[in-house]
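Since the structure comes first, as structure tokens, the remarks are kept for the end.
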Amino acid sequence: MINDRLIDAGELPIAVRDFGGDQPPLLLLHGAGANLAHMTTLARALRPRHRVITVDLRGHGRSGDGSWTWDAALADLAAVCVQMELDRPAVAGHSLGGMIAALWAQRHPETPGVVSLDGNPPPTSPAHLPGLPEEKAIGELARLHAVFDAIEASAGQVIPADQLPDLVERQQMAARDMGANEKVWIEGFRRNLAHVDGETSIRPSAQATAELRALMNSLDLAPVYAATTCPELVVLPTRSLPEQEPFAELYEAHRRFLVEQARSVPHLRYLSLADASHAMVIEQPAVLASIISDFLTEHR
287 MINDRLIDAG ELPIAVRDFG GDQPPLLLLH GAGANLAHMT TLARALRPRH
337 RVITVDLRGH GRSGDGSWTW DAALADLAAV CVQMELDRPA VAGHSLGGMI
387 AALWAQRHPE TPGVVSLDGN PPPTSPAHLP GLPEEKAIGE LARLHAVFDA
437 IEASAGQVIP ADQLPDLVER QQMAARDMGA NEKVWIEGFR RNLAHVDGET
487 SIRPSAQATA ELRALMNSLD LAPVYAATTC PELVVLPTRS LPEQEPFAEL
537 YEAHRRFLVE QARSVPHLRY LSLADASHAM VIEQPAVLAS IISDFLTEHR
């Protein structure tokens, strides 16, 4: 039976959804700007072979607000494990969740296995874009980060009440376009709505967005992978999202960098997933469930 609860993580409450069962435990982590509801389809596909626990990361969904640091996010997960009596759970995460999974693996060698679903920081240097001339790489990075600047500037803004129905309709259309479960997608959208003093905004807040962006931009996973001793699998995309097409050359170069980075760590397993973009959790949940379960079973 699925059970939603709040975990007292000390500094703030962390919302979790426990899909139940007596199979080996698996923490499943969402990406930045999402929440545990967005992982529902993948969680259901994983449930036959795992006791899946999805988590609202701090500042997202129904979890509390607090300063964003890697240490704080990892401490939140540790509190979830203790209070839910999870013995050595495996961890899988998408995007931001995948980065947290990689950091968890580095610090918890007893973990039976960790899977990152395109949990990679964005490109911030020409060195992250092999094959692009340096001058072009610098220009493309400037264009890309201008887009991220605009996204950050709009984070946490109050939504006028009369605009909410239109936003919900747009989310429904987006779900149909991506082939996502519409009910799950709308639950995810509504779960990130914050209602304070009669005003509604979308989480994460402007402060959390800025903190997350700074953390991801400064994260270097190469030494993290090198220092990890527990089994780890990185699943990489092979194509761009539609909204990434204006930066097609940049993202193609960055995918080359990610493969090179993964290859450089002998004990790291990686897979470039055919016909998958950064939205692979939506595009191929059944395939990912098999990949994750098979990898974790192999190393159990």
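Quick note, this note's numbering runs 286 ahead of the 1-based positions in the sequence shown. The C-beta atom is built at its ideal place from N, Cα and C for all residues, glycine as well.
How many whole angstroms separate the CB atoms of residue i and residue j, which I take to be in contact at a CB cut-off of 8 Å?
i: Pro395; j: Leu312; result: Not a contact, Cβ separation roughly 18 Å.
i: Ser579; j: Arg335; result: 4 Å
i: Ala516; j: Thr397; result: According to the sequence displayed, residue 516 carries Cys and not Ala. With 8 Å as the limit, Cys516 and Thr397 qualify as a contact, their Cβ atoms being about 4 Å apart.
i: Leu298; j: Asp351; result: 7 Å
i: Ala391; j: Thr514; result: 5 Å
i: Ile568; j: Gly474; result: Rounded, the Cβ-Cβ distance is 11 Å, inconsistent with contact.
i: Arg489; j: His346; result: 6 Å
i: Ala378; j: Ala388; result: In fact, because the Cβ distance is near 11 Å, the residues do not count as touching under 8 Å.
Which residues in the same chain have their Cβ closer than 6 Å to the Cβ of residue i, if we skip the five residues on either side of it in sequence?
i: Arg348; result: Ala301, Asp342
i: Ala572; result: Ala331
i: Ala423; result: Pro412, Leu415
i: Ala371; result: The residue you asked about is not Ala; residue 371 is Glu in the sequence shown. Cβ within range, chain order: n/a, list empty.
i: Thr410; result: Asn503
i: Ala461; result: Glu468, Trp471
Under the DSSP definition of a beta bridge, which residues are partnered with residue i?
i: Tyr556; result: Val520
i: Val400; result: Val377, Glu518
i: Ser487; result: Val444, Ala480
i: Asn406; result: Looking at the DSSP assignment, Asn406 forms no beta bridge with any residue, so it has no partner.
i: Val338; result: Leu312
i: Asp290; result: Arg303
Nearest to residue i by CA position, among the options, is which residue?
i: Gly442; options: Ile577, Leu427, Ala494, His316; result: Ala494
i: Asp373; options: Val401, Ile386, Ile339, Glu455; result: Ile339
i: Leu382; options: Gln547, Thr514, Leu505, Tyr511; result: Leu505
i: Ala548; options: Pro528, Ala508, Val567, Ser576; result: Ala508
i: Ala575; options: Leu314, Ala295, Asp294; result: Leu314
i: Ala512; options: Leu322, Thr410, His553, Asn478; result: His553
i: Ala359; options: Thr410, Ala295, His324; result: Ala295
i: Arg477; options: Gly317, His316, Ala323, Asp308; result: Ala323
i: Asn503; options: Arg393, Trp356, His585; result: Trp356
i: Glu531; options: Ala439, Met287, Leu430, Leu557; result: Leu430
i: Ile445; options: His481, Ile577, Val377, Pro528; result: His481
i: Pro451; options: Leu479, Ile437, Ala428; result: Leu479
i: Arg333; options: Pro310, Val545, Glu529, Asp435; result: Pro310
i: Ser491; options: Val433, Val454, Ala320; result: Ala320
i: Gly384; options: Ala428, Val510, Gln449; result: Val510
i: Gln570; options: Ala460, Ala329, Ile437; result: Ala329
i: Glu529; options: Met287, Phe434, Ala428; result: Phe434
i: Ala318; options: Glu438, Thr583, Val454; result: Glu438
i: Gly484; options: Arg462, Leu453, Ala447; result: Ala447
i: Asp463; options: Ala428, Gln449, Leu527; result: Leu527
For residue i, collect the residues of the same chain with a Cβ closer than 8 Å to its Cβ; drop the 5 residues on either side in sequence, then sort them by chain order.
i: Phe581; result: Gly399, Val401, Pro517, Leu519, Arg555
i: Asn289; result: Arg303, Asp304, Gly306
i: Arg525; result: Asp561, Ala562, Ser563
i: Met566; result: His380, Leu403, Asp404, Val521, Pro523, Leu559, Leu574
i: Asp308; result: Arg337
i: Glu426; result: Leu415, Leu418, Phe533, Glu535, Leu536
i: Arg393; result: Leu360
i: Leu557; result: Leu519, Val520, Val521, Leu522, Ile577
i: Trp354; result: Arg344, Gly345, Ala494, Glu497, Leu498, Leu501
i: Ser550; result: Ala508
i: Val586; result: For the record, residue 586 in the displayed sequence is Arg; it is not Val. The answer, listed in chain order, is Pro310, Pro398, Gly399.
Apart from the five residues on each side of it in sequence, which residues of its chain come closer than 7 Å, Cβ to Cβ, to residue i?
i: Gln458; result: Glu468, Ile472
i: Asp362; result: Ala295, Ile300, Arg344
i: Met287; result: Gly306
Handout entry: Validate contact between the stretch 355–375 and the stretch 458–469 using beta carbons, cut 8 Å, 3 pairs
Key = no
Exercise for the section: Inspect the CB distances between the stretch 515–526 and the stretch 557–564 and report whether three or more fall short of 8 Å. Expected result: Contact between the stretch 515–526 and the stretch 557–564 is established, with three or more Cβ pairs separated by less than 8 Å.
Exercise for the section: Decide yes or no for the touch test of the stretch 416–429 against the stretch 397–407: beta carbon pairs closer than 8 Å, at least 3 of them. Expected result: Fewer than three beta-carbon pairs drawn from the stretch 416–429 and the stretch 397–407 are found closer than 8 Å, and the two stretches are therefore not classed as touching.
Exercise for the section: Spell out a yes or no on whether the stretch 481–501 and the stretch 532–543 are touching, meaning 3 or more CB-CB pairs, one atom from each, closer than 8 Å. Expected result: no
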